[in-house]
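This report refers to the structure that appears directly beneath it.
Residue numbers (UniProt numbering): 1 to 240.
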């Protein structure tokens with residue numbers, strides 16, 4: 001039974017990995033699934049590493065990887081650049097969420113939902129419209145609904161914050177600072193995606209989502225600092 005389970009896991013894992021190994025490769029063949037590496041052990045705790053699937057594929061060693069449509073492109077391609085930035089963004093948000101969980105903030109669930117949406121963002125990016133078939137498009141489409149949801153969240157928090165009268169610096173405690181860092185990474189991800197949208201390779205709603213997401217992270221950083229009673233550092237022009 002264990003061997004059959006391991007064999008099934010190998011098939012699933014290969015599907016998740018696609019044929020590449022750069023950040024975002026998990027969007028290769030099964031784009032809406034996140035990859036979690038597992039170790040197989042026998043009931044007595046012994047390792048079955050000799051029969052367990054391998055994470056590496058060696059197919060990206062020459063500097064090429066695959067999109068969800070099956071194209072082989074250089075890893076320097078802007079599609080993989082955007083996928084990597086989106087992956088970094090999700091990781092940064094995950095770190096911020098851990099800090100916020102320690103403080104008991106209930107809006108951590110929103111960040112988890114955002115991370116799930118970023119998987120869908122990656123699915124769309126990994127499916128260049130120039131080579132996508134109808135079946136690909138149905139699986140990786142990205143609607144405007146998540147954008148509107150972010151706008152609702154932004155408005156809700158903004159109404160509870162004091163007016164912003166000067167530039168603030170990333171600060172306000174660990175949770176707030178981590179959210180500011182996530183915001184900066186989000187801006188970079190947006191800059192990577194915009195050329196793809198302009199070239200007709202990605203859905204415009206993806207760029208809209210990242211744009212709103214950076215605003216959301218900024219507002220949430222301020223709200224978190226306020227809830228924790230942490231002071232936000234403001235910009236002070238250096239003297240001569």
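The beta-carbon is built from N, C-alpha and C at its ideal position, and this holds for glycine as well.
On the DSSP letters alone, give me the boundaries of the beta strand (DSSP E) that residue i sits inside.
i: residue 167; result: Unbroken run through residue 167: none, as it is neither H nor E.
With distances taken between CB atoms, is the gap from residue i to residue j smaller than 8 Å?
i: residue 235; j: residue 148; result: no
i: residue 68; j: residue 178; result: no
i: residue 165; j: residue 214; result: no
i: residue 110; j: residue 94; result: no
i: residue 206; j: residue 124; result: yes
i: residue 146; j: residue 209; result: yes
i: residue 126; j: residue 196; result: no
i: residue 231; j: residue 172; result: yes
i: residue 65; j: residue 80; result: yes
i: residue 258; j: residue 161; result: Shown here, the chain extends from 1 to 240; a query on residue 258 therefore has no answer.
i: residue 188; j: residue 96; result: no
Can you give me the start and stop residues for the alpha helix (DSSP H) that residue i sits inside?
i: residue 204; result: 204-228
i: residue 181; result: 174-198
i: residue 139; result: 134-140
i: residue 152; result: 145-158
Using the Cβ count rule (16 or more neighbours within 10 Å means buried), how would you classify residue i?
i: residue 252; result: One cannot answer for residue 252 here, as it falls past the ends of the chain, which runs 1 to 240.
i: residue 141; result: exposed
i: residue 175; result: buried
i: residue 63; result: exposed
i: residue 159; result: exposed
i: residue 87; result: buried
i: residue 56; result: exposed
i: residue 61; result: exposed
i: residue 24; result: For residue 24, the predicted model reports a pLDDT of 43, less than 50, meaning its position is unreliable; a value from the coordinates is still stated below. Buried: at least 16 other Cβ atoms inside 10 Å.
i: residue 237; result: exposed
i: residue 58; result: exposed
i: residue 104; result: exposed
i: residue 134; result: exposed
i: residue 76; result: exposed
i: residue 239; result: exposed
i: residue 190; result: buried
Would a check of beta-carbon distances place residue i closer than 8 Å to chain C?
i: residue 152; result: In the structure shown, chain C cannot be found, because there is only a single protein chain.
**Prompt:** Would you call the segment 206-220 and the segment 135-154 in contact, with 3 or more CB pairs under 8 Å?
**Reply:** yes
**Asked** Which whole runs of the alpha helix (DSSP H) in the segment 66-121 are 4 residues long or more, in chain order?
**Response** 78-102
**Message:** With a threshold of 8 Å, are at least 3 pairs of Cβ atoms found where one atom belongs to the segment 62-77 and the other to the segment 183-201?
**Reply:** no
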